[in-house]
Amino acid sequence: MSVATQDTAVSTGRVTRTFIYLLLILFALFYLMPLFVMVANSLKPLPEITGGNMMALPQDWTIEPWLQAWSSAQIGVEPTGLKPYFLNSVLMVVPAVAISTVLGALNGYVLTKWRFRGDSILFGLMLFSCFIPFQIVLIPMAMILGKLGLAGSIPGLVLVHVVYGVGFTTLYYRNYYAAFPTELVRAAMIDGAGFFRIFWRIMLPVSGPITVVSVIWQFTNIWNDFLFGASFGGQSQPMTVALNNLVQSSTGVKEYNVHFAGAILAALPTLLVYIVAGRYFVRGLMAGSVKG
Amino acid sequence: MINKTTGIATAFAVLMSTGSVLHAADVEVLHWWTSGGEAAALNVLKEDLASQDIGWVDMPVAGGGGEAAMTTLRARVTAGDPPTAVQMLGFDIQDWAEQGALGNLNDVAEAEGWADVVPEALQAFSKYDGNWIAAPVNVHSTNWVWANKAILDELGIAQPTTWQEFVAALQAVQDSGKVALGHGGQAWQDATIFDGVVITAGGPEFYKQAFIDLDIDALGSETMVEAFNRMDTLRGFVDDNFSGRDWNLASAMVINGEAAFQLMGDWAKGEFLNAGKVPGEDFLCFRMPGTEGSVTFNSDQFAMFDVSDDDAKAAQAAMAASIMSPTFQSAFNVVKGSVPARTDVPDTDFDDCGKKGMVELAEAAEAGTLMGSMAHGHANRAAVKNAIYDVVTAHFNGEYDAETAAEELANAVEGAM
Amino acid sequence: MANSNTQADFRTRLQDWIPKLVLSPSLAAMLVFVYGFIAFTVYLSFTGSKMLPKYDWIGFENYARLWGLSHWWTAITNLGIFAFLYITICTIIGLGLAIFLDQKIRGEGMLRPIYLYPMALSFIVTGTAWKWIMDPGIGIENTMHLWGWESFEFGWIKDRDMAIYTVVIAAVWQTSGFVMAMFLAGLRGIDNEILKAAQIDGASNWNLYRRIVIPLLRPAFLSAFVILSHLAVKSYDLIIALTGGGPGRATELPATFMYSYTFTRNSMGIGAASAVIMLMTIAAIMTPYLYAELKEKA
């Protein structure tokens, strides 16, 4: 994995380099613009927003909107802010990410190192699950969750997210493990190591980079989900549903500063994950998933 | 196996739920009233129930004027776990009743004499097969005009009373360089002004024929062409930037003096009051000129789902009784901007616009011109309503001319029925 | 001897079964929650379901009605425009940024998360910000006017014919950084010896990339294409947050169409029919890819 620091063989002139830097910075500004708008406006008092320039920095800085969004904004009948919903999201995301990642790793391991007749077709079938539009599964899913007694609960949400996440995690691990020398696994088998022992001792220790990719991907998707959360969350609605209630109220004054503050608060965990693990992300992608 | 998972799941769910474990005597309420004012109004109901030792389990899902909540509801009912009471509009109530999902409120309705105080036009939605299934909370009406008084005074415009006067007034404002009509280009807003415009063009009888009876000839008639022509006229008075604007930003334009008029339901009043404006002094509220005497309404109701447990039934009945109590009806509607769903509530706490609305509602109910709003799902079912939306908004955005629009309207409604 | 033989037999047989056992929960879940539900949807599309599923067979009526709706034609035309532009532009920007970022750029560690972060946010969060930026009254256009560029115009979001392009801009913003990461990973995986050899042969930078690097990135192109095309077909939040399908119905996509017919218009049958068409489109895109991919591996 040391290639990440390797220099490219291409050499470039000074003019070209200036141009490249300029372009890269320009694009950075493009990517940052919406975030800037959100942050700047979340720090303004409301009249300054409705009366002023959206792109301007606040004249009158305030963190009041952030405090409100967190602990006193109107979400339902009670003005609770987003705070109580944060825990729901965490309780849903952590098990869902963990289970789907473990399953994906095991599946990827089987599909590459313990191949059997027809395994490619099975993989193809699993992959297709990534592409199913969530809107169509809503009603049949509700029926099944109802039968299982899991409707309106966090375990139900975990189940849903695991089911629709396992296709992605399997894809990641399979492509990653495919590049891993099968000879090592063979040798271990001859030495008498079993299925789980090989996985534990040989595969797992090299799985760091792809686990980062899988966790980031699953974490973001599940944390940001609204549709399942609103439909199957019951009394344990995740944070996105609360944010939606904050932002979408159909009547009453729209407190844009509070909305923006709430939006950033709800997005903070995913943002953090990307920023902290971002560097490993490229490395993980490089190590496998895009090699096809 | 299933039993075991259920057991674990329940234990888990109890552990997880944010402190609100469902008792038998609780009501779980699915609604989309999440803005400060609305929630405060709903809190009145919650406290009233609390005083009767009935707990309130809140289940808010906002978005799309209840669309998101209705999707959630479908998932909940399919899963066999419906909430006790659900905020609902118009034909949705009837649709759910048709599915046999709703409970029966006849006992409490009879004991409290709802039949005598709730207008017939509203009962059409609160009852199914002669049985009470829902308790109406409020009546909104959609054919209102909100006007900035300062602008009108400055330009010497008197409150218009006919369509022609209204057009002249709009023209005068536009000539002065201000925006004549504050409007947000979203399908439901376009449809909301269409409610009123159709009455100005053809009167209440025509409205009934076209939107309530869905008479295909009426929908494609010359009168409908005229209605679309009038929409074109209004289109000429909105600013270039109207598309996609939220309705409350359009209200803000009138409040801030950028625009003179807004055509919007009475929920707009809250925006004016919140901005510290006084009805009659800073802003005017009147019926869309040419629609006086008619009221196109929509009414939020709490539909009661069929619950098996007796305690839950009792809690549900208590909630229905609380909703219909004159105290709650007054307290809620004063905040919400709408008028009470029963006609015998004293108007003492209401402002001028509210008082006016209550009188007009009673008169219209008497005269038979209290009609369900097409734009807000009180004239016909969702499929038809949205088919009408498609045409109205396409025309307003310049896709069809008036003749084609009327023709398309007839086709679309026929296709959706 | 015999004893140890049976034991060995048992062990090998167990070893044979464990992998399949490990795979089976996921497969069972797929069977029910993906293929079962697809079958259910296909069935619904042949019924007169309105608000909730009904099981009355009405044949192809829903499909006939679906293709008769101008609204549906708008949605699929939009998907065509949107998917083509979105995939092309994302790929170009992603590849371009990756190539540039691969030139020993100082501050790469800073730039990379900046390019990547939009993928972390849902459109429920960023939709409002984009709506503001694109709004001529308060957004970029207004800001440019305030800065003195009076003739600047950017009102696409209000224009029936142009609004779909604003959707493309916001969508490209969200995913192009992710595509960049995929290409960057691909570039970093290329053996430098090949490049050095080519340079010694006197290839120009342009030719180096065109002839050698880009062909070597083929797997990354394929992965990007698959990810982008499924995001394009699934695009829903984006439309709802940015334009709400407007002006008029001008930016409706099949995903919003399907949701609206199934849930807000109480025409579940038609909604299911549109879902089936969407699934068939996805299958048509995916099957050749999967086939090629899996054949190569096998």
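Protein chains in written order, with my numbering: chain P, 1 to 292; chain S, 293 to 709; chain F, 710 to 1007. We put the beta carbon where it would ideally sit given N, CA and C, even for glycine.
- Close CB contacts of S:Thr525 within its chain, under the 7 Å cut and outside five residues either way in sequence, are with Val459 (chain order).
- When beta bridges are read from the DSSP output, S:Tyr420 appears opposite S:Asn423.
- Taking the Cα positions, S:Val676 is about 8 Å away from F:Arg974.
- In this structure, the CA atom of F:Lys840 is about 10 Å from the CA atom of F:Val876.
- Contact annotation: P:Leu82 and P:Gly234 have beta-carbon atoms that are not nearer than 8 Å.
- The three-state secondary structure of F:Ala959, taken from DSSP, is coil.
- Inclusion of S:Glu573 and S:Ala544 in the CB contact set at 8 Å is not warranted, their separation being larger than that value.
- Taking F:Phe934 as the centre and dropping the five residues before and after it, the same chain places the C-beta of Ile796, Thr800 and Tyr998 closer than 8 Å to its C-beta, in chain order.
- Its Cα nearest to that of S:Lys569, the residue S:Lys441 stands out among S:Lys441, S:Val471 and S:Asp373.
- Closest in alpha carbon position to F:Gly953, among F:Leu806, F:Gly818, F:Ala981 and F:Tyr968, is F:Tyr968.
- Looking at the DSSP output, S:Phe575 shares a beta bridge with S:Asn440 and S:Pro571.
- Taking a C-beta distance under 8 Å as the contact criterion, S:Val431 and S:Phe553 do not qualify as a contact pair.
- In chain order, Gln135 make up the part of chain P whose C-beta sits under 7 Å from the C-beta of F:Tyr968.
- For the stretch 971-982 of chain F, residues whose beta-carbon sits nearer than 8 Å to a beta-carbon of chain S comprise Phe972, Thr973, Arg974, Asn975 and Ser976.
- The shortest CA-to-CA distance from F:Ala773 to any of F:Ile979, F:Lys813 and F:Leu937 is the one to F:Ile979.
- A straight-line Cα-Cα distance of about 9 Å links S:Asp603 and S:Asp318.
- About 34 Å separates the beta carbon of F:Ala1001 from that of F:Asn771, a gap too long to meet the 8 Å contact definition.
- A direct Cα-Cα distance of roughly 31 Å separates F:Trp915 from P:Asn175.
- By alpha-carbon distance to P:Leu91, the top candidate from P:Val276, P:Ile222, P:Leu246 and P:Ile210 is P:Ile222.
- Leaving aside the five residues that flank S:Arg537 on each side, the residues in its chain whose CB is nearer than 7 Å to its CB run, in chain order, Gly476 and Gly477.
- Cβ neighbours of S:Val465 within its own chain (closer than 6 Å, five residues either side excluded): Ala472 and Ala552.
- Secondary structure in the stretch 313-397 of chain S: the alpha helix (DSSP H) runs of 4 residues or longer, each lying completely within the stretch, are 328-343, 359-370 and 382-390 in chain order.
- When Cβ-Cβ separations below 8 Å define contact, S:Asn430 makes no contact with chain P.
- At a C-beta separation below 7 Å, S:Met596 has no neighbours in chain F, since its nearest C-beta there lies roughly 18 Å away.
- Contact of F:Ser754 with chain P is not assigned, every C-beta pair being separated by 8 Å or more.
- Sixteen is the threshold: since fewer than 16 other Cβ atoms of the shown chains lie within 10 Å of the Cβ of P:Ser71, the residue is exposed.
- No Cβ-Cβ contact shorter than 8 Å links P:Gln218 with P:Ser129.
- A distance below 8 Å separates the beta carbons of S:Val336 and S:Ala623.
- Among the bridge pairs identified by DSSP, S:Phe553 is matched with S:Ala439 and S:Leu473.
- S:His670 carries a coil assignment under DSSP once its states are collapsed to helix, strand and coil.
- Here DSSP, grouped into helix, strand and coil, assigns S:Thr588 to strand.
- Rounded to whole angstroms, the separation of the alpha carbons of S:Gly392 and S:Ala403 is 24 Å.
- In this chain, the beta strand (DSSP E) harbouring S:Val431 covers Asn430 to Ser433.
- When DSSP reads this structure, S:Ala613 sits in no beta bridge, so it has no partner.
- Minimum Cα-Cα distance from P:Ala242 among the listed residues P:Phe30, P:Ile63, P:Val77 and P:Asp60 corresponds to P:Val77.
- At a beta-carbon threshold of 9 Å, the residues of chain P lying near F:Arg821 are Gly278, Arg279, Phe281 and Val282, ordered along the chain.
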